[in-house]
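*Asks:*
Numbering (my numbering), first residue to last: 5 to 346.
1. Please report how far the alpha carbon of residue 308 lies from the alpha carbon of residue 323, in whole angstroms.
2. Determine the extent of the alpha helix (DSSP H) in which residue 68 is found, giving its start and end residues.
3. For the segment 229 to 240 against the segment 110 to 125, do three or more pairs of beta-carbon atoms, one drawn from each stretch, fall closer than 8 Å, so that the two count as touching?
4. Confirm, please, whether the CB-CB distance from residue 50 to residue 259 is below 8 Å.
5. Quick one, which of 105, 204 and 194 has its alpha-carbon nearest residue 212's?
6. On the CB-based measure, 16 or more other CB atoms within 10 Å of its CB, does residue 19 come out buried or exposed?
7. Compare the beta carbon distance of residue 197 and residue 100 with 8 Å and say whether it is the shorter of the two.
8. Check residue 329 in the structure and name its three-state DSSP category.
9. Can you look up residue 121 in the DSSP assignment and give me helix, strand or coil?
10. Confirm, please, whether the CB-CB distance from residue 157 to residue 304 is below 8 Å.
11. With a floor of 3 residues, list each beta strand (DSSP E) that falls wholly inside the segment 171 to 211, ordered by position along the chain.
12. So what does residue 6 bridge to, in DSSP terms?
13. Tell me whether residue 270 sits in a helix, a strand or coil according to DSSP, three-state version.
14. Mark residue 31 as exposed unless 16 or more other C-beta atoms lie within 10 angstroms of its C-beta, in which case mark it buried.
15. Less than 7 Å between C-beta atoms, sequence neighbours within five positions excluded: which residues of the same chain meet that for residue 191?
16. I need the straight-line Cα distance from residue 81 to residue 202, nearest angstrom please.
17. Could you pull out every residue in the same chain whose Cβ sits closer than 8 Å to the Cβ of residue 210, ignoring the five residues on either side in sequence?
18. Going by CA-CA distance only, name the one from 250, 181, 240 and 254 that's closest to residue 226.
19. Could you tell me which of 53, 218 and 289 sits nearest to residue 90, measuring between CA atoms?
20. Let's see if you can read the secondary structure: which residues bound the alpha helix (DSSP H) around residue 157?
21. Among residues of its own chain, excluding the 5 on either side of residue 113, which ones have a beta-carbon nearer than 8 Å to its beta-carbon?
22. Take residue 311 and list the residues in its own chain whose beta-carbon comes closer than 7 Å to its own, dropping the five residues that flank it on each side.
23. Which class does residue 312 belong to by DSSP, given the choice of helix, strand or coil?
24. Can the beta-carbon of residue 244 be found closer than 8 Å to that of residue 86?
Dropping the structure here:
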């Protein structure tokens, strides 16, 4: 997630040069075909073009709103994960072997809390796996991922090893959905505690309700991850935007045609050439940027700079739960890297 107050200047300039440069070069090619090659039939009435532009803007706006809704839903789900994590730790400390301050009782409570920390990190790592819908990131994204590899914390064994015994971690990692099995193991341990009369039925039911809610939150995350923005909206928005941007210079020829010189432009023609190129470039940049923003926000769990900051949220949960356990050696707060909070 972008944590800086302003969009990174480097990214803004790079993307602006890419989108605006494409629009400018296309406008120059259209002008050359019209003025130098003499293809006067390239003029298109601008009024119909403006109507098309309004329609494309509405369509792109709908896509952007839908993409933002997906991001915001993902953020709300992870906010609920934070809340349920605190409820789980508090419930474990209050309900499991209440009043027993022995090292054995503390070890049982610690195991239940640490397994939960393993679950949130397993869920994060599963969601961060590249989906089949976004398997070819842009070159700038690949370079950023390489530069920030250490901050992404994507090593499965390294991230989960502090919370689980090696044999349990190995058994869970072999499953198709490790996060699901970690929650299941929590339920099995609660059943064992109930059977051995180390907690009562009422408290076991209360903790099982939290586990049920964790399954619900995990399923909601997986729904967003595995169901992309409907392709009929995403793809046609991209197609309509590009068609409109490529058609704009033809409409601008109709606006400036009476003032544009035939043949190679002279210095005296710059007062009319400048508005033509500026208009084509700015319109193209705006529409291509709107489309790019929607594309970049479609999946909030795809390791992009616009993702839900799951690393930071997992670290917040870990610090809170470790303090509830009475631990004093806490991991550092997750900080933004180059203005990006992972």
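The beta-carbon is built from N, C-alpha and C at its ideal position, and this holds for glycine as well.
*Replies:* In brief:
1. Cα to Cα, residue 308 sits roughly 25 Å from residue 323.
2. 50 to 99
3. no
4. yes
5. For the residues 105, 204 and 194, the minimum Cα distance to residue 212 belongs to 194.
6. Buried.
7. yes
8. coil
9. helix
10. The answer is no: Cβ separation not under 8 Å.
11. none
12. The secondary-structure analysis by DSSP pairs residue 6 across a beta bridge with 344.
13. Residue placement at residue 270 is flagged as unreliable, the pLDDT there being 48, under the threshold of 50; the coordinate-derived value follows with that caveat. Shown here, residue 270 sits in coil according to DSSP, grouped into three states, outside any helix or strand.
14. buried
15. Once the five neighbours on either side are set aside, the close Cβ partners of residue 191 are 212 and 215.
16. Residue 202 has its alpha-carbon roughly 32 Å from the corresponding atom of residue 81.
17. 95 and 99
18. 181
19. 218
20. Segment: none, residue 157 is in no alpha helix (DSSP H) and carries neither H nor E.
21. 96, 97, 100, 101 and 329
22. 5, 304 and 305
23. coil
24. no
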